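Participant: Chains A and B, in that order, give the protein sequences. One point on numbering: in the working numbering, the residue at position 295 of the first sequence is 295, and numbering is uninterrupted. One point on numbering: in the working numbering, the residue at position 135 of the second sequence is 135, and numbering is uninterrupted. Quick one: structure below, then a few questions.
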Amino acid sequence: MRLFRTTRFRLTAIYALAFLLSTATLGVSLYFAVGREISREFDERIAEESGALRRQFAISGTEKLKRIIDARAAEIGSMEFGVFDLKGKRLAGVGVLRADAEGRPIVGWTQSPEVDTDEPLEGEKEDVRALVVKLPDGSLLLVGDERRLPDKAMAAILFAFGWASAAALALALIGGVWSSAQFLKSIAKMRAAARDIMRGDWSRRIDLSGFDDDLATLGRSFNRLFERIEKLLLANKHVSMDIAHDLRKPLARTLRRLESALQDDVGSAKTEAAVSGAMTDIEGVLDLFDALLRIGRIEAGARRSAFRPLNLAEIARETVDAFQPSVEASGRKLLARLQVPLALTGDRDLLVQMIANLLDNALRHTPVGTTIEVTTIGETLVVADDGPGVPEKELAAIFHRFHRGPTSTPGSGLGLSLVAAIAEMHDLEYGAFNNRPGLRIVIRKTRERDSP
Amino acid sequence: MKVLVVEDDDDTAKFVVEGLKDQGYSVEWTADGEEGLSRCLTGGFDVIALDRMLPGKDGLEIVATMRACDVATPVLFLTNLSGLEDRVEGLQAGGDDYLVKPFALAELVARLVALARRPTLGVSPTILRAGDLEMDLVNHSVKRTGEPIDLPPREFELLEVLLRMEGRIATRKMLLERVWKFHFDPQTNIVETHVSRLRANIDRGPGPSLIRTVRGVGYCMRG
């Protein structure tokens, strides 16, 4: 049965066994300690009694002692008292002298089965323990008592411990079964959730009601994991749909172009135009895939090994210089205020691409006459323009893959998500703001955390 | 020009081999690394197009072995990876250039031609010439028909790359890599605007420009 193979049940069983063992140890030692103590007290009482009688004898002599002993022995429930002559003949009281092999009475401590039971209790056979001493006149004084009482106490102790142990064991078993059952129930919930998720129900979570232990922590961790997976899958789904959408258009156009080329004479100008148009379209598609691959590779962080210390302001300066003629030729203005160095550990190629993409973006989405400014202030790089800007509620979305403004300008829609990927890889924060007018993109070094 | 192609991907190999043959080059092809290495060492090729990752033997290993055996045949790496490490590793192992897949045939041909006619190492010239244009690398000066021309640094570098490749096509990608160290293709027409500025600076009077545009591919310095 699975119940008994659970960790919890095994733990409970081990605890129960340990408990039982310690209870038994305690019981046994208590048994012996109490037994010894009771025997000692028992003997002491007999010895005291015997001593008192001897003193009595010394004071009042044999006859008086005999009378006292007869009187004492007659008391109901009393100890046994007897006086014997040297040959073992009883002169007074009760009791039996034990004799050695030669028939001489034994002096000292003796133990014998009770013979004349004045209290025949349930037919039990009781031991009588007695102390025999020699009196000065040569007679023997016996003081003894039944040992029934101490043995009964001992039996009671054993009995109590036995029951306690049995009860504890039973409780432990019940507890173990119960907690194992709870555990299995929790596990079953987790398995059920895992099975559903494997079947494709990505929104499924582990039902954590009734979880209140370490499994709850584990369950919560799993639920967070599932949440993250679902989010990633969803994002992926969106991206693949976006890709499909983005591919359909140029591919459909290419197909049309090639179809019309097929109807024309080979080598005609029209055919040539169709084929070169188709090639341009396909190049665009390849560029799109290139950009996606790049983002993927950057997000995987595969290139971190190429990181070295550099100055982002310097990189921005080089990139701005490269773009300057193109920006001017397009009828816009490109200003650089890059005197403040911005030290960074990173990959030069990627950072150049990040700034180039920001400039590409500014060029593509602004009208002629716009001024684009690249500035470093403190630990911040700003690329700002005074163009039409982006509506406030879309500002955060412009870094998402395939995001396109309402004007639907040409382009892959991946430029800024590549910026985001590169920034993240370099532990840079990025954000888009309203430049009033225009768009201002801010890239900033993440505030130093406590980590070394 | 005799080209050896070592490439294990059939599609890429077919595309490259047929493309090069169509353009009149003599091509040999092998898909195996070991075989590739032995042909590299004995074949007497002008240039080798070598896949970075091959079954049997890694592209890096092949080049390293070649260079260790004093075979100086120029090598162009074909790679699926565009990471900086990969590029640096390839060049450190003794490769001369690299091209990330997928690539256009024109780009490949331009790079192979550029490599095949690369002047063997030795005394590098201090003066580069094309027609009546002269570039002095020591004085950092440019003259056209003896008349000095003042060029901004980037245009000077651009001109230098074009002059060194005189008569061969410099593709846009090659120029981006060599002049600006851009290992990606920006959307903005950086190369075009710089070339047009350079033309405005070095061309004199009517007649064709010294820098010929090869449509869809790149530029070529007239001899």
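The beta-carbon is built from N, C-alpha and C at its ideal position, and this holds for glycine as well. Computed from a prediction, not measured in an experiment: that's the story for all the values here.
(1) Please list, in chain order, all residues of the same chain as A397 of chain A whose beta carbon is under 6 Å from its beta carbon, the five residues on each side excluded.
(2) Mind listing, in chain order, the continuous beta strand (DSSP E) runs of no fewer than 3 residues lying wholly within the segment 169 to 196 of chain B?
(3) Based on Cα-Cα distance, which residue from A:P437, A:H245 and A:I187 lies nearest to F222 of chain A?
(4) Between the beta-carbon of L416 of chain A and the beta-carbon of F399 of chain A, is there less than 9 Å?
(5) Tell me which same chain residues have a C-beta within less than 8 Å of the C-beta of L359 of chain A, skipping the five on either side of it?
(6) In three-state DSSP terms, what is G415 of chain A?
(7) Could you check whether T376 of chain A and L439 of chain A sit closer than 9 Å to each other, using their CB atoms as the reference points?
(8) Verify the CB distance criterion: does A110 of chain B have a CB-CB separation below 9 Å to chain A?
(9) So the candidates are A:D137, A:V275, A:K89 and A:L131; which of them puts its Cα closest to the Cα of E146 of chain A?
(10) How about H140 of chain B: is its C-beta nearer than 9 Å to some C-beta of chain A?
(11) If the criterion is Cβ atoms closer than 9 Å, does the pair W180 of chain B and I169 of chain B meet it?
(12) So, T224 of chain B versus V47 of chain B, is the Cβ gap smaller than 9 Å?
(13) Please decide whether P250 of chain A counts as near chain B, where near means a Cβ-Cβ distance under 9 Å.
(14) Spatial neighbours of T213 of chain B within its chain, please: C-beta separation below 7 Å, excluding the five flanking residues on both sides.
(15) Name the residues in the segment 182 to 198 of chain B whose C-beta lies less than 7 Å from a C-beta of chain A; which are they?
(16) Closest to I206 of chain A by C-alpha separation, out of A:F226, A:D213 and A:A92, would be which residue?
(17) For E146 of chain A, which three-state DSSP category applies?
(18) Could you work out which residues of chain A lie near R154 of chain B, taking near to mean beta carbons separated by less than 8 Å?
(19) I think L162 of chain B touches M221 of chain B, with their Cβ atoms under 8 Å apart; what is that distance to the nearest whole Å?
(20) By DSSP's criteria, K134 of chain A is part of a beta bridge. Which residues make up the other side?
(21) Can you tell me where the beta strand (DSSP E) holding D427 of chain A begins and where it ends?
(22) List the residues of chain A whose Cβ lies closer than 9 Å to the Cβ of P148 of chain B, in chain order.
(23) Give me whichever residues DSSP pairs with K2 of chain B in a beta bridge.
(24) Applying the 10 Å Cβ sphere with the 16-neighbour rule, what's the burial state of F77 of chain B?
(25) Flag G19 of chain B as yes if its beta-carbon sits less than 9 Å from any beta-carbon of chain A, otherwise no.
(26) Within the continuous alpha helix (DSSP H) that includes E155 of chain B, where are the two ends?
(27) The ligand PLP heavy atoms versus the CB of D32 of chain B: any closer than 8 Å?
(28) If you draw a straight line from the alpha carbon of S209 of chain B to that of P325 of chain A, how long is it in whole angstroms?
(29) In three-state terms, what does DSSP make of S330 of chain A?
(30) Specify, as a first and last residue, the run of the alpha helix (DSSP H) that S60 of chain A falls within.
(31) Going along the chain, which unbroken runs of the beta strand (DSSP E) with 3 or more residues stay wholly within the segment 263 to 313 of chain A?
(32) Buried or exposed: D136 of chain B, going by 16 or more other Cβ atoms within 10 Å of its Cβ?
(33) The alpha helix (DSSP H) spanning T394 of chain A covers which residue range?
(34) When the Cβ atoms of the segment 86 to 94 of chain B are set against those of the segment 141 to 152 of chain B, are three or more pairs found closer than 8 Å?
(35) Quick one: what's got a C-beta closer than 7 Å to D137 of chain A's C-beta in the same chain, skipping five residues either side?
(36) Report the residues of the segment 22 to 44 of chain B with a CB closer than 9 Å to any CB of chain A, ordered along the chain.
Facilitator: Taking the definition as stated:
(1) Cβ-Cβ distances below 6 Å link A397 of chain A to H403 in the same chain, with the five nearest sequence neighbours on each side left out; the list follows chain order.
(2) Whole beta strand (DSSP E) segments, 3+ residues: 169 to 171.
(3) From the listed residues A:P437, A:H245 and A:I187, the smallest Cα separation to F222 of chain A is found for A:I187.
(4) Yes, the pair counts as a contact, with Cβ atoms nearer than the cut-off.
(5) Within the same chain, L359 of chain A has close Cβ partners T319, V320, F323, V327, L334, I372, V374 and V383.
(6) Assigned with DSSP and collapsed to three states, G415 of chain A falls in helix.
(7) Cβ atoms of L439 of chain A and T376 of chain A: not closer than 9 Å.
(8) Closer than 9 Å: no.
(9) It is A:L131 whose Cα lies nearest to the Cα of E146 of chain A.
(10) No, no contact with chain A.
(11) Contact flag unset, no.
(12) In the structure as shown, chain B begins at 1 and stops at 223. Residue 224 of chain B is therefore absent and cannot be evaluated.
(13) Output row for P250 of chain A: interface = no.
(14) Contacts found: Y219.
(15) For the segment 182 to 198 of chain B, which is checked against every Cβ of chain A, the residues closer than 7 Å are F182, H183, F184, P186, Q187, T188, N189, I190, T193, H194 and R197.
(16) Of the candidates A:F226, A:D213 and A:A92, the residue whose Cα lies closest to the Cα of I206 of chain A is A:F226.
(17) Look at E146 of chain A here: in three-state DSSP terms it is strand.
(18) Per Cβ cutoff of 8 Å: D321 and A322.
(19) Right, the Cβ-Cβ distance comes to about 4 Å (below 8 Å), so this counts as a contact.
(20) Partner(s): A:L140.
(21) From DSSP, D427 of chain A is part of no beta strand (DSSP E); its letter is neither H nor E.
(22) Residues of chain A passing the Cβ test: none, with the nearest at roughly 22 Å.
(23) Answer is B:S26, bridged to K2 of chain B.
(24) When all chains shown are included, F77 of chain B counts as buried.
(25) So, not an interface residue.
(26) Note, E155 of chain B: alpha helix (DSSP H), P153 to R164.
(27) The ligand PLP is absent from the structure shown, which contains no ligands of any kind.
(28) Approximately 19 Å, taken between the alpha carbons.
(29) Three-state result, S330 of chain A: coil.
(30) Run containing S60 of chain A: T7 to A74, per the alpha helix (DSSP H) assignment.
(31) Runs found: 308 to 311.
(32) With fewer than 16 other Cβ atoms within 10 Å, it is exposed.
(33) Checking the displayed sequence, the identity of residue 394 of chain A turns out to be Glu instead of Thr. Neither: E394 of chain A is in no alpha helix (DSSP H) and is coded neither H nor E.
(34) The answer is no - the segment 141 to 152 of chain B does not touch the segment 86 to 94 of chain B, with fewer than three Cβ pairs under 8 Å.
(35) Excluding sequence positions up to five before and after D137 of chain A, its CB lies within less than 7 Å of the CB of T62, all in the same chain and listed in chain order.
(36) Hits within the stretch: zero.
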